[in-house]
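**Student:** Residue numbers (the working numbering), protein chains in the order written: chain A, 1 to 366; chain B, 367 to 732; chain C, 733 to 1098; chain D, 1099 to 1464.
Structure provided below as structure tokens; questions to follow.
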């Protein structure tokens, strides 16, 4: 049933609430012999960590990961890997009214309707803090990929913040140089000014994130219902606040003709197929082509804004909700490392799945 | 691992190739006591059936479904339901060159790379004929939903054909009056002319399809990794040629501010929450709100066009591919009933899943 | 949830009732490139087929298998393989009273309690006819094993019929020479006389079946909850009428001391471990050791006997049940090929699973 | 794939090694609203805890459980419940030779062969310490069962220790009065003397454990491959050192005639079926009948004995293995609470599964 598990072979079960004692993930199915330590995973968690600059929430968590199982003498053993992050910033405060009110655009109301309970302390299970566990799992997945597919590179970056799209061509070297992981120095400047304004006015804005992977071998994906694109769509849509997912051309494919959308095929120097373009986003019939895999997703603006919105309380009383205090005007920023982590998990999972299906054998061209 | 199975409780495994003796689906987990017969399922298959008008492929298959198991005395028994459709239009013909050539934009090349085999007879497992099995399963899901949630209504329609978006407001009564299932008589006329041109020139075009469900109870969806939107995204992305999936605002959510995107909450006459708008597409935190569930997806244009495209053969020889003969200029049209079927399967699945999780109990407001 | 599916990678979903139009199995996850045709599968079905001698039911079904998908040009493609067997011996008869009465020891009453329906035509889904689908799947599994692990041999035979245990040492060459698949000519004679008596008096008797596999590579099994012995236990217990499963020493292990139960380890000529004995049944910690894998299971006597037994009707009326007509005094006989089929499916499944987990790499001794 | 997960809906993933920092389980699918705290779970862990008397290992672990997630204000929320037990008795010692030698009858050698690594510190993942996590999960399952099926009672006890079977009739009141959980004061005395002798001589012995459940509703079990007995067999066989599993008559069913094995059916005072006997162990066709569910399993003797046994080292050198130090002459004793925990988990799982399948509706008699 897999309520809180994703993956077919590399199976990640996340657990924990935003204000409980800890959260983490149980990773089952990681191959044995992968070199890993806490520092490697911490590297990716630090990337996601809130409170790093004025554009993300000021909640400060060290988000220190501990490996509790599945690793011995610096290598995975093939047993489940437990990655735990203790919650340290559980401020005792008076939730009072909030505990009774449903916030528009939040999962408060649907959790209440489904489960009949309300974890008012920061969103409980529906909090974006759950994504820390995903990033930890992604760190492990990257270590396994580094062993199994040297040269595979995953990159995430923002391509839109509200009304401002990424300007000009992607300059991947710029990704690490700005707080938005946007591959353009110029865009980063525009966005910084834009977001400053939003933050000051207590507003929020949506974002579009693109995650790519190069060096992905051809042949990954398990048609019909575990296609590589199907699993990527599910992985990205499961991230908090995501409302749309695209592969390659994405929604724009609806506007194209067959002539415009065709990726013509040529023979490369080493007998491999080479494509004239990548409208497909590196996936045909649910199976990787060997081209760059390209996924995009949209993150909605957080509903935590200063402008009052109408709502009701648990007892059905009309009320208004205003969000003051620590505040993340563009939650999409922090979705970048999460999207990367999901990409890493899905690719590793399909690599292992393919070993089961085909033993890694391939049809040869030529 | 579920290569060819989707669903958690209502589990549909499709099988069969476009030119094998038959195809179908094994449906496990259908509740007992659902009234069903072949005619009910046939109704939905006929809707999808090719060859109905000049806009869809002229391949003519009666697509006659047979119930081989799981139904006794007109009701499901709780045992697996086998729905089989025999392939009757398996023209013997000379595939000759096609058998050796990879068609650009087709899964030919990735199936070859992964599985080392080539079913040149019309695409084999990657053919859109597989979706007939989905529509059959969807027919059964609808019958079960009719018993368990009377009043639930699923509607699919096109909202874009290439450069032409749906014009004006949706007139749902028009859906059945035109070959595009577009909810607008005026748009249907525009599209008819447009598609005529495309067909004559041997071109093709993409499409956008929207599928909605009204009467969905609040509380469906199993966070974190079996969210209702996650499963809908996976279901739609698994359909042939789909490149993007959106829930509610979809990709446009990236452009919005928190103020614009908020669905404010009021109390309805019967103590239920009422929302001022539906940017969320009826899903918050992965759980249905009780509002209309809204999913959209983009179908890329088929690569079967008259204009020659460069490609290579299995032996690596450069060649050109031109598609003559029977031809579907907008495959998105036939994706409408498929999208509806996937919606039906996902909703039923989550209804059953929710019975397991909560026993159907709900948190009360007021 | 897998109500009607078994296996992790090689996933077999059986469907069909004893008196419906057909039954069969959908096999997902079979590796591509396995040579298979209907004759190979038919070979195993014929072995199980009823009506072959006076000791098994006189119902005569040709049990002719058809491959409907997943095989092209004599090889598996990696797509689901549909194996269908049409039911031809669906005698129209008056079930009258039987349709209303629960037979003691049958699943009639529990299916009624659970599903609220009664398929009185020969047991419906709970009929042993379902095992024909397992045998078909097992035939495919054997073909895949023959490709992947040449030299692996699976053997099933009876080791007890009622009060008569197998006498003397196993003579495996005798297995195919008698209707009981008992590895002893002398025992076969004893049992023939014994069963004749039972048949004439309208009685029935239980049986014990042993299934072994030699040539199983070390390292199969996925601890903790997909151990090889765990999965074998589940596979055998799922067969109709099975009430106990043993690995190696089985229940007798409770009687032994550590000294008596130890399998000492030596080094073989090719650097492999060699064991002094096989109390473990070839499995330690849920993983195969490379020794012979040994599984045993007990089949209860059928409750279809001439002696009247007290029961009740659906309307709660007391009654008596007597079984006349075609009759199988020792249903355990026909369980032999079914046990073999389950062994084949489990071993193939774990071979594929191990490829996913470890890529087939092994720790070396020496 | 579920390497380390069991259950369909109530899914328990255990993690951790005997000498790592901690071990535990991630429980997904527990219904919301179940009252639970650490003390309740601790109660069951204390029952299993080693070092309680001279008959079980002298390793002393407080085995203190912590609930890290999924419980808020004393009730489950429907989110994953993380139960963690820190390992405190990780004595630093010189494993020296042991680290290089395979112990006969241990999983050392198969883990090495499969995973290419050796966790010599007390068995790593294959250690019986893993069962502490099962007992913790079982404590949660019991709490949920207490809410959903009041009156359901699970009891485990030993029925054999080596050559000594349980004498006389079961006196269930005696179970808690002796260190063997044997339902007979007289047998407890015999066993105490017997085990004293074994312990002094550095020997070990096997055991047989029976676990029963009364108050189980009719209708639990999901034929064909998630039958209640199938899942119980898998659950028990997955426990360390278990070599055989029986339902009701178990292996003895092979010796019986149909007359002897029949459970005749009568009508009870409240319209429910009443059976004359319980050869079936409360399960017919994989579905519970409403009678007592009866499972038995055999635990092999530990191979940790004073008598030297031949073995080899990782480098292939012949050697001898002798086990000194803390020592458990009959590991079967501690399997009793583990068997109970597995019973609790399987029953709860099937209760939830049945809600999904049938919504809890039942066929009525009369």
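Heads up, the beta-carbon is just placed ideally off N, CA and C, and yes, glycines get one too.
Once DSSP output is grouped into helix, strand and coil, what is the label at residue 560 of chain B?
**Tutor:** Residue 560 of chain B sits at position 194 when you count from the first residue of the second chain. In this structure, residue 560 of chain B counts as helix in the three-state DSSP scheme.
**Student:** Could you tell me which residues DSSP pairs with residue 1365 of chain D in its beta bridges?
**Tutor:** Translated into positions along the fourth chain, residue 1365 of chain D becomes position 267. The partner list for residue 1365 of chain D (beta bridge, DSSP) reads D/1371.
**Student:** Check whether the segment 1209-1225 of chain D touches the segment 1163-1172 of chain D, taking contact to mean three or more Cβ pairs, one atom from each stretch, closer than 8 Å.
**Tutor:** No contact exists between the segment 1209-1225 of chain D and the segment 1163-1172 of chain D.
**Student:** Nearest-angstrom Cα distance between residue 1242 of chain D and residue 103 of chain A?
**Tutor:** Taking the fourth chain and counting its residues from 1, one reaches residue 1242 of chain D at position 144. Taking the first chain and counting its residues from 1, one reaches residue 103 of chain A at position 103. Straight-line Cα distance between these residues: approximately 31 Å.
**Student:** What is the DSSP secondary structure of residue 394 of chain B, counted as helix, strand or coil?
**Tutor:** One-based indexing of the second chain puts residue 394 of chain B at position 28. Residue 394 of chain B: strand per DSSP, three-state reduction.
**Student:** Does any residue of chain B have a CB that is nearer than 7 Å to the CB of residue 72 of chain A?
**Tutor:** As a first step, residue 72 of chain A must be located in the first chain, where it is residue number 72. For residue 72 of chain A, the answer is no, since every Cβ of chain B falls outside 7 Å of its Cβ.
**Student:** Suppose contacts are defined by Cβ-Cβ distances below 7 Å. Is residue 25 of chain A in contact with residue 76 of chain A by that definition?
**Tutor:** What you label residue 25 of chain A is simply residue 25 of the first chain in a count that begins at 1. What you label residue 76 of chain A is simply residue 76 of the first chain in a count that begins at 1. Cβ atoms of residue 25 of chain A and residue 76 of chain A: not closer than 7 Å.
**Student:** Under a CB-based cut-off of 7 Å, is residue 356 of chain A close to chain C?
**Tutor:** On the first chain, residue 356 of chain A is found 356 positions in, with the first residue counted as 1. Yes, residue 356 of chain A lies at the interface with chain C (some Cβ there is under 7 Å from its Cβ).
**Student:** Measuring CB to CB, does residue 944 of chain C end up less than 7 Å from residue 1024 of chain C?
**Tutor:** Residue 944 of chain C sits at position 212 when you count from the first residue of the third chain. Residue 1024 of chain C sits at position 292 when you count from the first residue of the third chain. Against a cut-off of 7 Å, the Cβ pair of residue 1024 of chain C and residue 944 of chain C comes out as a contact.
**Student:** Of all the CB atoms in chain C, is at least one closer than 7 Å to the CB of residue 1261 of chain D?
**Tutor:** As a first step, residue 1261 of chain D must be located in the fourth chain, where it is residue number 163. Yes, residue 1261 of chain D counts as interfacial toward chain C.
**Student:** Pull up the distance between the alpha-carbon of residue 533 of chain B and that of residue 569 of chain B, whole angstroms please.
**Tutor:** Here residue 533 of chain B refers to the residue found at position 167 when the second chain is read from its first residue. Here residue 569 of chain B refers to the residue found at position 203 when the second chain is read from its first residue. Looking at the two C-alpha atoms, the distance is approximately 23 Å.
**Student:** Could you tell me whether any Cβ in chain D is nearer than 7 Å to the Cβ of residue 20 of chain A?
**Tutor:** For the purposes of this step, residue 20 of chain A is identified with residue 20 of the first chain, where counting begins at 1. Closer than 7 Å to some Cβ of chain D, the Cβ of residue 20 of chain A qualifies, so yes.
**Student:** Check the Cβ-Cβ distances between residue 1293 of chain D and every residue of chain C, and say whether any is below 7 Å.
**Tutor:** As a working note, residue 1293 of chain D is residue 195 in the fourth chain. Judged by the 7 Å Cβ criterion, residue 1293 of chain D is not in contact with chain C.
**Student:** Can you name the start and end residues of the beta strand (DSSP E) that residue 1050 of chain C belongs to?
**Tutor:** Here residue 1050 of chain C is taken as the residue at index 318 of the third chain, counted from 1. Taken as a continuous stretch (DSSP letters only), the beta strand (DSSP E) holding residue 1050 of chain C covers 1050-1053.
**Student:** Run through the segment 1234-1304 of chain D for me and flag every whole beta strand (DSSP E) of 3 or more residues, listed as ranges in chain order.
**Tutor:** Runs found: 1251-1259.
**Student:** What first and last residue would you give for the alpha helix (DSSP H) that runs through residue 1042 of chain C?
**Tutor:** On the third chain, residue 1042 of chain C is found 310 positions in, with the first residue counted as 1. Taken as a continuous stretch (DSSP letters only), residue 1042 of chain C belongs to no alpha helix (DSSP H), being part of the beta strand (DSSP E) at 1041-1044.
**Student:** Grab the span of the alpha helix (DSSP H) containing residue 603 of chain B for me, first residue to last.
**Tutor:** As a first step, residue 603 of chain B is located in the second chain; it is residue number 237 there, counting from the start. Counting along the chain, the alpha helix (DSSP H) containing residue 603 of chain B begins and ends at 594-603.
**Student:** For residue 551 of chain B and residue 42 of chain A, what's the separation of their Cα atoms in angstroms?
**Tutor:** Here the question's residue 551 of chain B lines up with position 185 in the second chain. Here the question's residue 42 of chain A lines up with position 42 in the first chain. Their backbone Cα atoms lie some 58 Å apart in a straight line.
**Student:** Verify the CB distance criterion: does residue 348 of chain A have a CB-CB separation below 7 Å to chain D?
**Tutor:** Here residue 348 of chain A refers to the residue found at position 348 of the first chain. It does not; no Cβ of chain D falls within 7 Å.
**Student:** Could you check which residue in A/128, A/277, A/240, A/224 has the C-alpha nearest to that of residue 604 of chain B?
**Tutor:** For the purposes of this step, residue 604 of chain B is identified with residue 238 of the second chain, where counting begins at 1. Per the Cα distances, A/224.
**Student:** Considering Cα atoms alone, identify which of A/32, A/304, A/153, A/236 is closest to residue 290 of chain A.
**Tutor:** By 1-based counting over the first chain, the position of residue 290 of chain A is 290. Of the candidates A/32, A/304, A/153, A/236, the one whose C-alpha sits nearest the C-alpha of residue 290 of chain A is A/153.
**Student:** Since residue 283 of chain A and residue 180 of chain A are thought to touch, with beta carbons under 8 Å apart, how far apart are those beta carbons, to the nearest angstrom?
**Tutor:** For the purposes of this step, residue 283 of chain A is taken as the residue at position 283 of the first chain. For the purposes of this step, residue 180 of chain A is taken as the residue at position 180 of the first chain. Actually they are not in contact, since the Cβ atoms of residue 283 of chain A and residue 180 of chain A sit about 27 Å apart, beyond 8 Å.
**Student:** If we define contact as Cβ-Cβ less than 7 Å, is residue 479 of chain B a contact residue for chain C?
**Tutor:** By 1-based counting over the second chain, the position of residue 479 of chain B is 113. With 7 Å as the cut-off, residue 479 of chain B does not count as an interface residue toward chain C.
**Student:** Does the pairing of the segment 705-715 of chain B with the segment 602-620 of chain B give three or more beta-carbon distances under 8 Å?
**Tutor:** As far as the Cβ criterion goes, the segment 705-715 of chain B touches the segment 602-620 of chain B, which means the pair count is three or higher.
**Student:** Based on the DSSP secondary-structure assignment, which residues constitute the bridge partners of residue 578 of chain B?
**Tutor:** To locate residue 578 of chain B, count along the second chain from 1; it is residue 212. Residue 578 of chain B pairs with B/521, B/660.
**Student:** What are the start and end residues of the alpha helix (DSSP H) that includes residue 251 of chain A?
**Tutor:** By 1-based counting over the first chain, the position of residue 251 of chain A is 251. First-last for residue 251 of chain A: undefined, no H or E at that position.
**Student:** Should the segment 304-315 of chain A be called in touch with the segment 621-636 of chain B, which here means at least 3 C-beta pairs below 8 Å?
**Tutor:** The answer is yes - the segment 621-636 of chain B touches the segment 304-315 of chain A, with three or more Cβ pairs under 8 Å.
**Student:** Any beta carbon of chain G sitting closer than 7 Å to that of residue 1075 of chain C?
**Tutor:** Looking for chain G here will not work: the only protein chains present are A, B, C and D.
**Student:** Just to confirm, are residue 599 of chain B and residue 611 of chain B a CB contact at a threshold of 7 Å?
**Tutor:** As a position in the second chain, residue 599 of chain B is number 233, starting the count at 1. As a position in the second chain, residue 611 of chain B is number 245, starting the count at 1. Yes, the Cβ-Cβ distance between residue 599 of chain B and residue 611 of chain B is below 7 Å.
**Student:** Would you decide whether residue 730 of chain B is buried or exposed? Buried here means 16 or more other CB atoms lie within 10 Å of its CB.
**Tutor:** Start at 1 with the first residue of the second chain, and residue 730 of chain B comes out as number 364. Looking at its Cβ environment, which holds fewer than 16 other Cβ atoms inside 10 Å, residue 730 of chain B is exposed.
**Student:** Between which residues of its own chain and residue 1183 of chain D is the CB-CB distance below 6 Å, once the five residues before and five after are set aside?
**Tutor:** Start at 1 with the first residue of the fourth chain, and residue 1183 of chain D comes out as number 85. Excluding residues within five positions, the ones whose Cβ falls inside 6 Å are 1121, 1122, 1161, 1163, 1230.
**Student:** Counting contacts by CB-CB distance shorter than 7 Å, is residue 741 of chain C in contact with chain A?
**Tutor:** Here residue 741 of chain C is taken as the residue at index 9 of the third chain, counted from 1. With 7 Å as the cut-off, residue 741 of chain C counts as an interface residue toward chain A.
**Student:** Is the beta carbon of residue 1176 of chain D less than 7 Å from the beta carbon of residue 115 of chain A?
**Tutor:** Sequence index remark: in the fourth chain, residue 1176 of chain D carries index 78 (1-based). Sequence index remark: in the first chain, residue 115 of chain A carries index 115 (1-based). Cβ atoms of residue 1176 of chain D and residue 115 of chain A: closer than 7 Å.
**Student:** Would residue 677 of chain B and residue 687 of chain B qualify as a contact pair, given that the criterion is a beta-carbon distance under 7 Å?
**Tutor:** Translated into the one-based positions of the second chain, residue 677 of chain B becomes position 311. Translated into the one-based positions of the second chain, residue 687 of chain B becomes position 321. In this structure, residue 687 of chain B lies closer than 7 Å to residue 677 of chain B by Cβ.
**Student:** For the candidate residues B/543, B/522, B/630, whose alpha-carbon lies nearest to that of residue 574 of chain B?
**Tutor:** Within the second chain, numbered from 1, the residue matching residue 574 of chain B stands at position 208. Comparing Cα-Cα distances from residue 574 of chain B to each of B/543, B/522, B/630, the minimum goes to B/522.
**Student:** Taking only the alpha-carbon atoms, compute the straight-line gap between residue 1100 of chain C and residue 942 of chain C and give it to the nearest angstrom.
**Tutor:** Only positions 733 to 1098 of chain C appear in the structure, and residue 1100 of chain C is not among them; the question remains open.
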